[in-house]
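Visitor:
There are 2 protein chains.
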Amino acid sequence: MTTTKGEETRRNILHSSLAMASRLGLDGLSIGTVAKQVGMSKSGLFAHFESKEDLQLKVLETGVDHFIRKVVTPALRQPRGEPRVRALFENWLTWSEYLPGGCPFIAAAAEVDDRPGPLREFLASSQKDWLGVLAQAARICMEEGHFRSDLEAEQFGYHLNGILLAHHHCERLLRDPEAEERARASFEELMAGARPA
Amino acid sequence: MTTTKGEETRRNILHSSLAMASRLGLDGLSIGTVAKQVGMSKSGLFAHFESKEDLQLKVLETGVDHFIRKVVTPALRQPRGEPRVRALFENWLTWSEYLPGGCPFIAAAAEVDDRPGPLREFLASSQKDWLGVLAQAARICMEEGHFRSDLEAEQFGYHLNGILLAHHHCERLLRDPEAEERARASFEELMAGARPA
Chain A
1 MTTTKGEETR RNILHSSLAM ASRLGLDGLS IGTVAKQVGM SKSGLFAHFE
51 SKEDLQLKVL ETGVDHFIRK VVTPALRQPR GEPRVRALFE NWLTWSEYLP
101 GGCPFIAAAA EVDDRPGPLR EFLASSQKDW LGVLAQAARI CMEEGHFRSD
151 LEAEQFGYHL NGILLAHHHC ERLLRDPEAE ERARASFEEL MAGARPA
Chain B
1001 MTTTKGEETR RNILHSSLAM ASRLGLDGLS IGTVAKQVGM SKSGLFAHFE
1051 SKEDLQLKVL ETGVDHFIRK VVTPALRQPR GEPRVRALFE NWLTWSEYLP
1101 GGCPFIAAAA EVDDRPGPLR EFLASSQKDW LGVLAQAARI CMEEGHFRSD
1151 LEAEQFGYHL NGILLAHHHC ERLLRDPEAE ERARASFEEL MAGARPA
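Sequence order for the protein chains is A and B.
Letter 182 of the first sequence, counting from 1, is numbered 182 in the numbering used here, and no numbers are missing.
Converting from the second sequence to the numbering used here requires adding 1000 to each position, the first position being numbered 1.
1. Mark aspartate 1129 of chain B as exposed unless 16 or more other C-beta atoms lie within 10 angstroms of its C-beta, in which case mark it buried.
2. Just to confirm the assignment, what range does the alpha helix (DSSP H) spanning glutamate 82 of chain A have?
3. Within the same chain, show all residues whose beta-carbon is closer than 7 Å to that of cysteine 1170 of chain B, passing over the 5 residues directly before and after it, in chain order.
4. Assuming threonine 9 of chain A is part of the alpha helix (DSSP H), what are its boundary residues?
5. Can you tell me whether glycine 1039 of chain B is helix, strand or coil according to DSSP?
6. By the 7 Å beta-carbon criterion, what residues does the stretch 153-165 of chain A contribute toward chain B?
7. Residues of chain B with CB under 9 Å from glutamate 50 of chain A, in chain order?
8. Give the secondary structure of phenylalanine 49 of chain A by DSSP, where H, G and I count as helix, E and B as strand, and everything else as coil.
9. Using the C-alpha atoms, what's the distance from valine 71 of chain A back to alanine 138 of chain A?
10. Is histidine 1169 of chain B close to chain A? Criterion is C-beta to C-beta, closer than 8 Å.
11. Of all the CB atoms in chain A, is at least one closer than 8 Å to the CB of leucine 1138 of chain B?
12. What is the C-beta distance between alanine 1108 of chain B and alanine 1021 of chain B, in whole angstroms, given that I count them as a contact (C-beta under 8 Å)?
13. So the candidates are A/Leu119, A/Gly32, A/Thr94, A/Ala197; which of them puts its Cα closest to the Cα of glutamate 53 of chain A?
14. Taking leucine 1151 of chain B as part of the alpha helix (DSSP H), name the residues at either end of that continuous run.
15. According to the neighbour-count rule (16 or more other Cβ atoms, all chains shown, within 10 Å of its Cβ), is leucine 1150 of chain B buried or exposed?
16. By the three-class DSSP mapping on this structure, what secondary structure does tyrosine 1098 of chain B have?
17. Could you round the C-beta distance between leucine 203 of chain A and leucine 1173 of chain B to whole angstroms and report it? I think they count as a contact, below 8 Å.
18. Do we get a CB-CB distance below 8 Å when we pair alanine 1107 of chain B with the residues of chain A?
19. Helix, strand or coil for alanine 1197 of chain B per DSSP?
20. Whose C-alpha, out of A/Glu7, A/Glu61, A/Asn161, A/Gln127, is nearest the C-alpha of phenylalanine 89 of chain A?
21. Quick one: which chain B residues come within Cβ less than 9 Å of leucine 123 of chain A?
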């Protein structure tokens, strides 16, 4: 597949914007600030994106693409069951340091959760997908006998996601040097409670 | 203690601003928007606050006052041990619905975590206090024999805070009707793992 110059430019804009959004939130992205960051004119940028909201939405979509490539896909290459759950957890920790301001979805969630519209819809739906990936990984653990058969897979996913949110908070706001250790300890507690008695 | 008219005005401004910050984040507060909200002139508002940052800081301080009054103090009136931990958890759930946009600290954390300065410092330090309250409540449970003696109290507090963050996410972004049920299930798992074998 060949990539045209226009597609490449567009991809560079989106990548820069995603890094900006991780630090400044979606609201930190405007056609003006992004144009400055990538060294283009505003009208040059408008050739790629219809509006600020269109840009913000495409940035979220780009973030989800990266997330799937860095967190989900490599975990699916691991053996079914516990190794896959561990890979999802570990890949997420790496993900949270991939962009300069941490996970862009956590920053965006705080911004859009009271603001109905396409950004909120897209973010909520991609977060539901992520919780679904975690629940499905737990279900496979049950099938493989790694987790007890009466586990509630959705609840496991929800709880695991909470450990990831706590990690982000601890790492980024508190700059706690033990952040990763704490996240791992919580994860092991959760795993221990999920295994057959 | 008598309250002067000026103090009352100031308190009203801060209360309105806190509600705004819960929806729009700290960055949604400007001298202009707040003046409009409370029906004052900008110069009238400047008589109370030196700058936008001063206003934002005072709003965070107001939030912490409310939090202590609504979450921490009533829990301290509960019997030592498990009832107190439960009260902290339940009061936090109530707290997260007290303001129109949910917990203002979670919104603020995403905004200031990459921005060194007094807002970040104040927020990080108050969050450390909160984690300290949770850890201390766990330590008392250990003393009372409600929790096992080899529990790591700090880790318990960290993990409990993660459950609260997950709840906020699930309730506000995903509007999951089972959000509270899920938070309670995670909490009970955490409690079960903390009790003596």
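For each residue, glycine too, the CB sits at the ideal point set by N, CA and C.
Guide: Looking at the atomic coordinates:
1. Within the second sequence, the letter at position 129 stands for residue 1129 of chain B. Aspartate 1129 of chain B should be labelled exposed.
2. The residue labelled residue 82 of chain A in the question sits at position 82 within the first sequence. Counted as a single uninterrupted DSSP element, the alpha helix (DSSP H) harbouring glutamate 82 of chain A occupies residues 82-95.
3. If you number the second sequence from 1, residue 1170 of chain B lands on position 170. Only Asp1176, Ala1179, Arg1182 meet the Cβ criterion.
4. As a position in the first sequence, residue 9 of chain A is number 9, starting the count at 1. According to the DSSP assignment, threonine 9 of chain A belongs to the alpha helix (DSSP H) that extends over 5-24.
5. On the second sequence, residue 1039 of chain B is found 39 positions in, with the first residue counted as 1. It is coil, neither helix nor strand.
6. Listed by position along the chain: Gln155, Tyr158, His159, Asn161, Gly162, Ile163, Leu165.
7. As a first step, residue 50 of chain A must be located in the first sequence, where it is residue number 50. For a Cβ distance threshold of 9 Å, nothing in chain B lies close to glutamate 50 of chain A: the least Cβ distance comes to about 25 Å.
8. Residue mapping note: residue 49 of chain A aligns to position 49 of the first sequence, counting from 1. In this structure, phenylalanine 49 of chain A counts as coil in the three-state DSSP scheme.
9. Counted from its first residue, the first sequence places residue 138 of chain A at position 138. Counted from its first residue, the first sequence places residue 71 of chain A at position 71. Whole-angstrom Cα-Cα distance: 16 Å.
10. Locating residue 1169 of chain B in the second sequence gives position 169, where the first residue counts as 1. It does; some Cβ of chain A falls within 8 Å.
11. The sequence position of residue 1138 of chain B within the second sequence is 138, counting from 1. This sequence places alanine at residue 1138 of chain B; leucine is not what is there. At least 8 Å separates the CB of alanine 1138 of chain B from every CB of chain A.
12. Along the second sequence, read from residue 1 onward, the residue named residue 1108 of chain B stands at position 108. Along the second sequence, read from residue 1 onward, the residue named residue 1021 of chain B stands at position 21. In this structure, alanine 1108 of chain B and alanine 1021 of chain B form a Cβ contact; the two beta carbons are roughly 7 Å apart against a cut-off of 8 Å.
13. Counting from one through the first sequence, the residue named residue 53 of chain A turns up at place 53. Considering only alpha carbons, the answer is A/Leu119.
14. Sequence index remark: in the second sequence, residue 1151 of chain B carries index 151 (1-based). Taken as a continuous stretch (DSSP letters only), leucine 1151 of chain B belongs to no alpha helix (DSSP H), as it is neither H nor E.
15. Within the second sequence, residue 1150 of chain B is the residue found at index 150, counting from 1. Per the sequence shown, the amino acid found at residue 1150 of chain B is aspartate instead of leucine. Around the beta-carbon of aspartate 1150 of chain B, fewer than 16 other beta-carbon atoms lie within 10 Å, marking it exposed.
16. As a working mapping, residue 1098 of chain B is identified with position 98 in the second sequence. Coil, per DSSP.
17. One cannot answer for residue 203 of chain A here, as it falls past the ends of chain A, which runs 1 to 197.
18. Walking along the second sequence from the start, residue 1107 of chain B turns up at place 107. Yes, contact with chain A.
19. In the second sequence, counting from the first residue as 1, residue 1197 of chain B sits at position 197. Of the three classes helix, strand and coil, the one that applies to alanine 1197 of chain B here is coil, per DSSP.
20. Sequence index remark: in the first sequence, residue 89 of chain A carries index 89 (1-based). That would be A/Asn161, whose Cα lies nearest to the Cα of phenylalanine 89 of chain A.
21. As a first step, residue 123 of chain A is located in the first sequence; it is residue number 123 there, counting from the start. Those are Leu1173, listed as they occur along chain B.
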